[in-house]
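Quick notes on the structure that follows.
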Amino acid sequence: MNKSKRRTVLAGNWKMNKTSSEAKALIEELMPAVERADCEVVICVPFTDIAIAVALCEGGNIAVGAQNCHFEESGAYTGEISASMLVEAGVTHVIIGHSERRQYFGETDSTVNLRAKKAISKGLIAIVCVGELLEERENGTTEEVLTRQVNAALADMTSDDIKNVIIAYEPVWAIGTGKTASSDQADEACGFIRGLVEKLFDKDVAEALTIQYGGSMNPSNADELLSKENVDGGLIGGASLKAADFKSLVDAASK
Ligand code: PGA
Numbered sequence: 097m098n099k100s101k102r103r104t105v106l107a108g109n110w111k112m113n114k115t116s117s118e119a120k121a122l123i124e125e126l127m128p129a130v131e132r133a134d135c136e137v138v139i140c141v142p143f144t145d146i147a148i149a150v151a152l153c154e155g156g157n158i159a160v161g162a163q164n165c166h167f168e169e170s171g172a173y174t175g176e177i178s179a180s181m182l183v184e185a186g187v188t189h190v191i192i193g194h195s196e197r198r199q200y201f202g203e204t205d206s207t208v209n210l211r212a213k214k215a216i217s218k219g220l221i222a223i224v225c226v227g228e229l230l231e232e233r234e235n236g237t238t239e240e241v242l243t244r245q246v247n248a249a250l251a252d253m254t255s256d257d258i259k260n261v262i263i264a265y266e267p268v269w270a271i272g273t274g275k276t277a278s279s280d281q282a283d284e285a286c287g288f289i290r291g292l293v294e295k296l297f298d299k300d301v302a303e304a305l306t307i308q309y310g311g312s313m314n315p316s317n318a319d320e321l322l323s324k325e326n327v328d329g330g331l332i333g334g335a336s337l338k339a340a341d342f343k344s345l346v347d348a349a350s351k
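At position 24 of the sequence shown the residue is numbered 120 (our numbering), and the sequence of numbers has no breaks.
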């Protein structure tokens, strides 16, 4: 395995936070703070912040992502946003299958696959989230769950498609709880996912795939997590909402 072959990507997931004026203030702080980043930096903002984020980030080193998109081209899907709409709005990345969408909005392994394929077909980078619940970790079924989720999410994809996929390993019990997976647990799970991708495709595809860790990553644990062989960056919730914290994480990912 050679970590240096892979892109390190630090992505903020703002979730349902920041009105447009609040987004403007945060991005204006972030731009100079991360301008020397030696990793890819993405902010996945609410739909209503996309326009302001794309305008402010133009010419800088922050890419703008969304947090979901639908799998149909267009039509009667009230409340949904299509991949083409995101592309035309200037978005380059989209989070797919976050555990909060699985938990609260009926997202399933199969809709995750459909959404990811649609996003990729439009040239977006899909940040596909997988991860086990606390009870699944406790009853020893983490690998079974990850196998099911990864196999389903990547079904019918080609090795070219995978170039536009990032997998985020986010143990659900660590999201927003302040409980982080230990760096060994994160490395082990990300390594396990890489092994699954090798089985589905081949070693080159698996070695080139960016696999992030997400779940209460913060300035005090980031160095340790990001130093691990199989952890190629992070998907950051809470700590992406404060410029100083996000800067620390970008600095840690740039080492
Ligand atoms: P957290 O969220 O960093 O607040 O735990 C991570 C995520 O849900 O992507």
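Idealized CB from N, CA, C, for every residue including glycine.
#### Entry: Closest residue to N247 among L292, S255, T254 and R211 (Cα-Cα distance)
As a working note, residue 247 is residue 151 in the sequence shown. Selection L292, S255, T254 and R211 evaluated against N247 yields L292 as nearest (Cα-Cα).
### Message
Using the Cβ count rule (16 or more neighbours within 10 Å means buried), how would you classify K114?
### Response
The residue labelled residue 114 in the question sits at position 18 within the sequence shown. Per the 10 Å Cβ criterion, buried.
#### Entry: Length of the line joining the Cα atoms of D319 and L331
On the sequence shown, residue 319 is found 223 positions in, with the first residue counted as 1. On the sequence shown, residue 331 is found 235 positions in, with the first residue counted as 1. Near 14 Å, if we compare the C-alpha coordinates of L331 and D319.
### Message
Using 7 Å as the threshold, is the C-beta distance between V224 and I192 below it?
### Response
For the purposes of this step, residue 224 is taken as residue 128 along the sequence shown, with counting starting at 1. For the purposes of this step, residue 192 is taken as residue 96 along the sequence shown, with counting starting at 1. In this structure, I192 lies closer than 7 Å to V224 by Cβ.
### Task
State yes or no: is the C-beta of A304 within less than 7 Å of the C-beta of C135?
Within the sequence shown, residue 304 is the residue found at index 208, counting from 1. Within the sequence shown, residue 135 is the residue found at index 39, counting from 1. The criterion of a C-beta distance shorter than 7 Å is not satisfied by A304 and C135.
### Message
My output table needs one value for I307: the three-state DSSP class, helix, strand or coil.
### Response
Counting from 1 along the sequence shown, the entry for residue 307 is found at position 211. Strand at I307.
### Task
Verify whether the separation of the beta carbon atoms of I146 and V187 is less than 7 Å.
The residue labelled residue 146 in the question sits at position 50 within the sequence shown. The residue labelled residue 187 in the question sits at position 91 within the sequence shown. In contact: I146 and V187 (Cβ atoms closer than 7 Å).
### Query
With distances taken from CA atoms, which of Y173, D283, S117 and K99 is nearest L152?
Residue mapping note: residue 152 aligns to position 56 of the sequence shown, counting from 1. Residue S117 is the option with its Cα nearest to L152.
### Query
Can you tell me where the beta strand (DSSP E) with V187 in it begins and where it stops?
For the purposes of this step, residue 187 is taken as residue 91 along the sequence shown, with counting starting at 1. Per DSSP, V187 belongs to no beta strand (DSSP E) and is neither H nor E.
### Query
Closest to L122 by CA distance: which of S344, L345 and S336 is it?
Within the sequence shown, the letter at position 26 stands for residue 122. It is S336.
### Message
Tell me which residue opens and which closes the alpha helix (DSSP H) that G291 is part of.
### Response
Counting from one through the sequence shown, the residue named residue 291 turns up at place 195. Here the alpha helix (DSSP H) through G291 covers S279 to L296.
#### Entry: Simplified DSSP assignment, three categories, for I173
Within the sequence shown, the letter at position 77 stands for residue 173. The identity of residue 173 in the sequence shown is Tyr, whereas the question assumes Ile. Three-state result, Y173: coil.
#### Entry: Rounded C-alpha distance that separates T174 from E325
The sequence position of residue 174 within the sequence shown is 78, counting from 1. The sequence position of residue 325 within the sequence shown is 229, counting from 1. Distance between the alpha carbons of T174 and E325 is about 43 Å.
### Query
Taking just the CA atoms, how far does K343 sit from K299?
Walking along the sequence shown from the start, residue 299 turns up at place 203. Walking along the sequence shown from the start, residue 343 turns up at place 247. Rounded to the nearest angstrom, the two C-alpha atoms are 33 Å apart.
### Task
Provide the residue(s) that pair with S178 in DSSP beta bridges, ordered along the chain.
Translated into positions along the sequence shown, residue 178 becomes position 82. Partner(s): H166.
### Task
Starting from the C-beta of V346, find all residues in its chain whose C-beta is less than 7 Å away, skip the five residues before and the five after it, and write them out in chain order.
Within the sequence shown, residue 346 is the residue found at index 250, counting from 1. Cβ contact annotation for V346 (same chain, cutoff 7 Å, sequence separation greater than five): L106, V130, A133, C135 and V137, in chain order.
#### Entry: Alpha-carbon spacing of V208 relative to V150, whole angstroms
Your numbering for residue 208 matches position 112 in the sequence shown. Your numbering for residue 150 matches position 54 in the sequence shown. The straight-line gap from Cα to Cα measures roughly 25 Å.
### Task
Grab me the residues of F288's own chain with a C-beta within less than 7 Å of its C-beta, minus the 5 sequence neighbours each way, in chain order.
Position 192 of the sequence shown, counting from 1, holds the residue named residue 288. Excluding sequence neighbours, F288 sits near E239 and L242.
### Message
Between G272 and the ligand PGA, is there a pair consisting of the residue's CB and a ligand heavy atom that are separated by less than 6 Å?
### Response
Here residue 272 refers to the residue found at position 176 of the sequence shown. Indeed, a heavy atom of the ligand PGA lies less than 6 Å from the Cβ.
### Message
Could you compute how far the alpha carbon of S99 sits from the alpha carbon of A172?
### Response
Here the question's residue 99 lines up with position 3 in the sequence shown. Here the question's residue 172 lines up with position 76 in the sequence shown. The question names Ser, but residue 99 in the sequence shown is Lys. If I take the Cα positions, the gap works out to 44 Å.
### Query
By how many angstroms is the C-alpha of C165 removed from the C-alpha of Q199?
Against the sequence shown, residue 199 aligns to sequence position 103. Against the sequence shown, residue 165 aligns to sequence position 69. One Cα belongs to Q199, the other to C165, and the distance between them is close to 17 Å.
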